[in-house]
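Chains as they are written, first to last, in our numbering: chain A, 1 to 484; chain B, 1001 to 1279. By construction, the Cβ of each residue, glycine as well, lies at the ideal position given by its N, Cα and C atoms. Shown next, in structure tokens, is the structure this report addresses.
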């Protein structure tokens, strides 16, 4: 236990502060000062050197477009985060406002400004979007299956997952039919919200409060999305967030291989082999990440790279060419022409998603394994006596035990995806690949500061990412960590 | 008879598991296999057969690559060792302060550090760069070292504090009766007793530093002073003609980490798992 030293005895013990002094000084100068300076300079036109004058909110206006709705939404979001868990009137009002009013305003404004249909409906348009349809069906179908497995039969939350999936599915279909994506989402979610709040039968459900909270959070996210797209802010910035959203969705899918691998390693009966597998799984971690990245860059090289050769060798390339012909991908894959994975506008995002196959994260596997070690062998024996299948064991014994780690990893992954841009800088250079397709916000900040000489503007961008991550951390602390 | 069928079934499922893991392992190790295999080839050999090792194995690729890479390796090792040394020194002292005493202001300083763990550092880069420029630290190793010491100590203080709190109080009492100063207590009690956790933290920091890219990219200008990560990317964009030499360079760049791993394997697997439980 730390020894308590009151104010009176400080003069005998003042030397102890010297133990802390260098750390505090370093942190103050190299962590706190830059953060404060970034906030300060986001109100300036600044090039990092001689030009430096006050411009007020101009930088933020350039990023966000209209500022007031952003601030209002931000405050609302923060209040919902703080109060949603409580069972008082304020909590109800806040969630109702964000779940219904917020979405209603968004939908009406979108309709008023004419952002309902982006493309008039036609069968030709539908045909060119077949691949999107297929992806949507496969993707949401996949989620439905996952939830079927993950959520045990008696779970009260099951209907919620089902409903969410179905809603997103309908919204995807609406988008394919020619509706603007944001309008489809906000309209569908508004309908769901009305059902959640106004249908009396809903009040009898045990999980209704959780459903309303989740709905409120989703609604605010949709409103943020609408603002980003239509409030006249910096289009590059919001295009970047769109890319990030896609990356995050796929990164969630990419979490599964690690979980499955950890579970299989855990189930292996031989202790010695178990240990050696773990050692082998550490190897990808000790090879420097930079080397890994550069090898993958070499893999994606169109003519010499291994990736295209594997595709040709396994005949996958023929399938891709065939699918391109049917689904109208615009001749990305052609007979006899090697696709340029890192140089083709349509292929950079798939390349980035495929990057790192089979997506087994070393740290992830070790963390899950550590969590799994808490399972007593008698639990397995009991399950086997009851005739539990391998999948049932997974959903009933293993998954609940590592759920904490999965949640923490999920949050860390989202924060990491928002922050990281070094790999894109290396693979696609400072302009974010062909046509700036992968210009994510972090990279945009970097470019504005170090090439365009707009350090003040870059600070404003950095600050917005900063607040976003801060909110996520807050959400994590309040809703995910506590339930340990 | 029935028992036999059961046994075959379990054996089969065991085999399936091993097969699955070996498959995943081979897939994740495949890039490194290609790296080593290609490192001994000329371009002509590579185009002919990219899959397997080929003879003659061109060791001259390694000689050439060493000429390109060695300065990056020594730079990075210097940066890593210095950074880890200073971080450890500061961390030990600060964690000792937090773990053993509750002084006025302790809580304040604790949160002063903790908040930084939650604070993302995206926006910091630009002012940090300007700060380093004003301090005349651009294009020096000290810029990298000092920033990494400042940033790296936070998590380490957090972990080490818990660790020091678990050291029995009697040890410190005995030392104090013998007239040991606080500094002596840190270096004669805390340091030897927290060897395993310190080395795990050191290794993790080493991995992070070995891959550090953005900061050296903006801070260091001279090619001869670049650390590993930036050097490799430079090399990649400059020498694309011979894949063998490039891959030999990557292999050489991986060797120091592999060496460290071989010496600390047991500690590493254990430490990572333990850290995972706590975190």
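Cβ of residue i within 7 Å of any chain A Cβ
i	result
residue 1185 of chain B	no
residue 1056 of chain B	no
residue 1015 of chain B	no
residue 1254 of chain B	yes
residue 1257 of chain B	yes
residue 1261 of chain B	yes
residue 1213 of chain B	yes
residue 1278 of chain B	Because residue 1278 of chain B carries a pLDDT of 45, less than 50, the predicted location of this residue cannot be relied on, and the following value inherits that uncertainty. By this cut-off, residue 1278 of chain B is not an interface position.
residue 1110 of chain B	no
residue 1223 of chain B	no
residue 1064 of chain B	no
Sub-7 Å separation of residue i and residue j beta-carbons
i	j	result
residue 1084 of chain B	residue 1113 of chain B	no
residue 1127 of chain B	residue 37 of chain A	yes
residue 365 of chain A	residue 262 of chain A	yes
residue 183 of chain A	residue 140 of chain A	no
residue 48 of chain A	residue 460 of chain A	no
residue 220 of chain A	residue 98 of chain A	yes
residue 1027 of chain B	residue 1041 of chain B	no
residue 1150 of chain B	residue 462 of chain A	no
residue 1033 of chain B	residue 1248 of chain B	no
residue 1185 of chain B	residue 1174 of chain B	no
residue 358 of chain A	residue 1024 of chain B	yes
residue 342 of chain A	residue 307 of chain A	no
residue 391 of chain A	residue 244 of chain A	no
Beta carbon proximity, residue i to chain B, threshold 7 Å
i	result
residue 19 of chain A	yes
residue 289 of chain A	yes
residue 272 of chain A	no
residue 360 of chain A	yes
residue 419 of chain A	yes
residue 451 of chain A	no
residue 284 of chain A	yes
residue 4 of chain A	yes
residue 484 of chain A	Low confidence applies to residue 484 of chain A: its pLDDT is 40, below 50, so where it sits in the model is not reliable enough to give any reading.
residue 277 of chain A	yes
residue 497 of chain A	Examination of residue 497 of chain A is not possible in this model, given that chain A is present from 1 through 484 alone.
residue 31 of chain A	yes
residue 306 of chain A	yes
residue 207 of chain A	no
residue 332 of chain A	no
residue 473 of chain A	yes
residue 422 of chain A	yes
residue 192 of chain A	no
Counted within 10 angstroms of its Cβ, other Cβ atoms place residue i as buried (16 or more) or exposed
i	result
residue 235 of chain A	exposed
residue 211 of chain A	buried
residue 202 of chain A	exposed
residue 277 of chain A	buried
residue 1227 of chain B	buried
residue 266 of chain A	buried
residue 1115 of chain B	exposed
residue 398 of chain A	buried
residue 257 of chain A	buried
residue 400 of chain A	exposed
residue 297 of chain A	buried
residue 1222 of chain B	exposed
residue 215 of chain A	buried
residue 318 of chain A	exposed
Any C-beta of chain C under 7 Å from that of residue i
i	result
residue 1245 of chain B	Structure shown: chain C not included; protein chains present are A and B.
Proximity test, residue i beta-carbon vs the ligand GTP heavy atom, cut-off 6 Å
i	result
residue 460 of chain A	Inclusion of the ligand GTP in the displayed structure is not the case, the ligand content being empty and no account of it being possible.
Any C-beta of chain A within less than 7 Å: which residues of the region 1093-1105 of chain B qualify? 1093, 1094, 1096, 1097, 1099, 1100, 1101, 1102, 1103 and 1104
Could you name the residues of the region 1017-1031 of chain B whose beta carbon sits closer than 8 Å to any beta carbon of chain A, in the order they occur along the chain? 1017, 1018, 1020, 1021, 1024, 1025, 1027, 1028, 1029 and 1031
Stretch-stretch touch, CB-based, cutoff 8 Å, three pairs: the region 61-74 of chain A with the region 217-233 of chain A: yes
Give the residues from the region 1151-1183 of chain B that approach chain A closer than 8 Å (Cβ to any Cβ), ordered along the chain. 1151, 1153, 1154, 1157, 1165, 1169 and 1182
What are the residues of the region 1032-1062 of chain B that lie near chain A, defined by any Cβ-Cβ distance shorter than 9 Å? 1032, 1034, 1035, 1038, 1043, 1046, 1047, 1050 and 1051
Inter-stretch contact at 8 Å, needing at least 3 Cβ pairs: the region 332-346 of chain A / the region 405-425 of chain A: no
Closer than 7 Å, Cβ to any Cβ of chain A: which residues of the region 1117-1128 of chain B, in chain order? 1118, 1119, 1120, 1122, 1123, 1124, 1126, 1127 and 1128
Taking beta-carbon pairs under 8 Å, can you tell me which members of the region 293-304 of chain A lie near chain B? 294, 295, 296, 297, 298, 299 and 304
Is it true that the region 1094-1105 of chain B meets the region 1182-1198 of chain B, where meeting means three or more beta-carbon pairs spaced less than 8 Å apart? yes
What residues in the region 430-454 of chain A bring their beta carbon closer than 8 Å to a beta carbon of chain B? 442, 445, 446, 449 and 450
Note down, in chain order, all residues in the region 1067-1082 of chain B with a beta-carbon under 9 Å from any beta-carbon belonging to chain A. none
Within the chosen definition, does the region 41-61 of chain A reach the region 1157-1176 of chain B through at least 3 CB pairs nearer than 8 Å? no
Cβ-based contacts, 9 Å cut-off: residues of the region 232-261 of chain A near chain B: 257, 260 and 261
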